[in-house]
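To start, the structure itself, in structure tokens.
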Ligand code: NAD
Ligand code: ZN
Ligand code: ZN
């Protein structure tokens, strides 16, 4: 089978031929129908040697949907031929967090050489993906694969981030989404579907603001020196109750701190390398709350899938054949991708 293997840090991989895995024990083999390309894949490819605990080589792809193709003799909880999306954060599998489906916050995370499918373990940018157990699978019914795959990270991470902010987002509140790409355009839709807040969007690209508009944002603006003021004006002059930062550079963190009202909450999702100084007194509003959400729980993935199947979520998916992965990666790198890029085995 073909697989997009990361073999050297800093080098964009091209598909190569590897052996198709055979499921043993509780393992499940999934025939991949689609695998989403995330900006995190770029962060992984570009990582300096030694900065991530992953051992090379491994197959990229942490956002995967497909059909169950083979079952190990001890596998249960899923049927042959069933269509599924993969819950990608894979922890130790035995701590209390993993047992509860919260592999994203595995208690043994620091001792593992991986963070999940395609992140130190072989992932789904391949014809097939081997999954350790059916507990990592969520049924998708007849949801198209290019819609389902992005739910497992772009959808799930956004959903989990919004879940932490939901108590603050009642009537007449404001949420700001910074960065309307793969994650951000689904965050806008999830905010609309599951909270009463108005949704304001910020990006550096006009086409991303058009996507924010199609996703249901009430207002969108380019990042400019006076953006904090423009956002405040749109929030009834009080400031935002919550900011979701899907970029995470110094500039976006400064904007987030500048636009939050007292008691406001920031969910920092993007790995842009910026930092924020916490000090008292300082520039952060009183009552400021910060979260650093990572991915999401298995149960939340089932909720995201249900939301999508109800018609409340639409992934703006740009499909590329797996054989064109290097071009797709280059496009995302240049800022030319819109919504989520999805690789389809060809
Ligand atoms: P993406 O490239 O699809 O989207 C990023 C968007 O941000 C683009 O629309 C881009 O134009 C916009 N942008 C760039 N610089 C900006 C700026 N200064 N101000 C406003 N907008 C700006 O990326 P993605 O796949 O949606 O991922 C977003 C970030 O989230 C990445 O850093 C990724 O690594 C991270 N991520 C984190 C988690 C997690 O669990 N915490 C999960 C997935 C992705
Ligand atoms: Zn990701
Ligand atoms: Zn664990």
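In the numbering used here, the protein residues as written are 14 to 359.
The beta carbon of each residue, even a glycine, is placed where N, CA and C say it ideally should be.
Should residue i be listed as close to ligand 2, given that the test is whether its C-beta is under 7 Å from any heavy atom?
i           : result
residue 327 : no
Return the Cβ separation of residue i and residue j in integer angstroms, given the expectation that the two are a contact with Cβ distance under 8 Å.
i           : j           : result
residue 47  : residue 357 : 5 Å
residue 130 : residue 101 : 4 Å
residue 231 : residue 211 : 5 Å
residue 177 : residue 304 : 5 Å
residue 332 : residue 355 : 5 Å
residue 139 : residue 94  : Actually they do not touch by this definition, with Cβ atoms about 19 Å apart.
residue 205 : residue 229 : 4 Å
residue 233 : residue 266 : Contact doesn't hold; Cβ gap of about 20 Å is too wide.
residue 33  : residue 141 : 5 Å
Would the beta-carbon of residue i be found less than 7 Å away from any heavy atom of ligand 3?
i           : result
residue 5   : Since the first residue shown for the chain is 14 and the last is 359, residue 5 is missing from the structure and cannot be characterised.
residue 171 : no
Under the criterion of a Cβ to heavy atom distance below 7 Å, does residue i qualify as lining ligand 1?
i           : result
residue 191 : yes
residue 343 : no
residue 265 : yes
residue 228 : no
residue 284 : yes
residue 21  : no
residue 163 : no
residue 306 : yes
residue 128 : no
residue 237 : no
residue 73  : no
residue 100 : no
residue 59  : no
residue 259 : yes
residue 213 : no
residue 217 : yes
residue 83  : no
residue 25  : no
residue 221 : yes
residue 168 : no
residue 156 : no
residue 64  : no
residue 137 : no
residue 196 : yes
residue 234 : no
residue 350 : yes
residue 56  : yes
residue 186 : no
residue 39  : no
residue 262 : yes
Any heavy atom of ligand 2 nearer than 6 Å to the CB - residues listed: 51, 53, 75, 166
Three CB pairs or more closer than 8 Å across the region 74-93 and the region 138-152: yes
Meets three-Cβ-pair contact criterion under 8 Å: the region 241-260 and the region 194-202: yes
Contiguous beta strand (DSSP E) assignments of at least 3 residues, all confined to the region 131-191: 141-144, 150-152, 187-191
The region 96-108 contacting the region 171-178, beta-carbon criterion three pairs below 8 Å: no
The region 297-305 / the region 198-212 touching (three or more Cβ pairs under 8 Å): no
Environment of ligand 3 in chain order, Cβ to heavy atom below 7 Å: 104, 105, 106, 107, 108, 110, 111, 116, 119, 120, 121
Any 3 or more C-beta pairs closer than 8 Å across the region 48-66 and the region 328-347: yes
Inter-stretch contact at 8 Å, needing at least 3 Cβ pairs: the region 61-72 / the region 156-170: no
Cβ contact check for the region 153-163 and the region 311-321: 3 or more pairs under 8 Å: yes
Length at least 3, wholly inside the region 44-122: the beta strand (DSSP E) runs in chain order: 77-84, 96-99
Contained beta strand (DSSP E) runs [length at least 3] in the region 203-254, N- to C-terminal order: 211-216, 232-235
Any 3 or more C-beta pairs closer than 8 Å across the region 322-330 and the region 116-125: no
Complete beta strand (DSSP E) runs within the region 254-309 (minimum length 3 residues, chain order): 273-281, 302-304
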